[in-house]
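Participant:
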Amino acid sequence: MEKGCKGIVHRVVAGDTLYRLSKMYGVRLIDIMKENPYVNVYNLQIGDEICIPTEIYEEAERIYYTTKAEETIGSVIYQLETDVEKLMEYNKELLDIRIPMGTIIRIPPRED
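Numbering (our numbering), first residue to last: 2 to 113.
Structural data, given as structure tokens:
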């Protein structure tokens with residue numbers, strides 16, 4: 002693996018594809034491909050090292066951020082100095098994230 006990976010180095014195991022890695026790490030496939038221009042996407046080999054980008058980057062006036070292990074929505078909001086409403090406005094897919102069964106949720110009192 003070339004030094005300078007701005008993210009996580011993933012070692013390929015049986016069954017890995019770049020598409021599978023994009024879903025596993027929550028990173029766009031195109032970003033993995035950009036970060037690994039010399040990888041033969043049709044012939045990944047067990048033991049190959051793939052750089053999974055986790056840096057903030059800007060593209061066509063849009064800013065993207067790839068989360069890291071152990072991050073939460075709250076920590077991302079704090080780090081990026083935004084709020085839930087703005088984050089959800091640009092990431093409607095986050096509204097569909099499943100909450101593990103048995104999670105206790107605190108409900109704020111109603112304001113009448």
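Yeah, the Cβ is synthetic: ideal placement off N, Cα and C, and Gly gets one too.
Going by Cα to Cα distance, which pick from VAL10, GLY103, ARG107, ARG111 is closest to ASP49?
Facilitator: Taking the first residue of the sequence shown as position 1, residue 49 is located at position 48. For ASP49, the nearest C-alpha among the options comes from VAL10.
Participant: Could you check the C-alpha separation between LEU45 and THR104 for me, to the nearest Å?
Facilitator: Position 44 of the sequence shown, counting from 1, holds the residue named residue 45. Position 103 of the sequence shown, counting from 1, holds the residue named residue 104. Roughly 39 Å separates the two Cα atoms.
Participant: Does the contact criterion of 3 or more C-beta pairs under 8 Å hold for the stretch 16 to 30 versus the stretch 66 to 78?
Facilitator: yes
Participant: From which residue to which residue does the beta strand (DSSP E) around ILE51 run?
Facilitator: Here residue 51 refers to the residue found at position 50 when the sequence shown is read from its first residue. For ILE51, the enclosing beta strand (DSSP E) stretches over residues 50 to 54.
Participant: Let me make sure I understand the geometry here. Which of LEU88, LYS7, TYR43 has the alpha-carbon closest to that of GLY16?
Facilitator: The sequence position of residue 16 within the sequence shown is 15, counting from 1. Sorting LEU88, LYS7, TYR43 by C-alpha distance to the C-alpha of GLY16 places TYR43 at the top.
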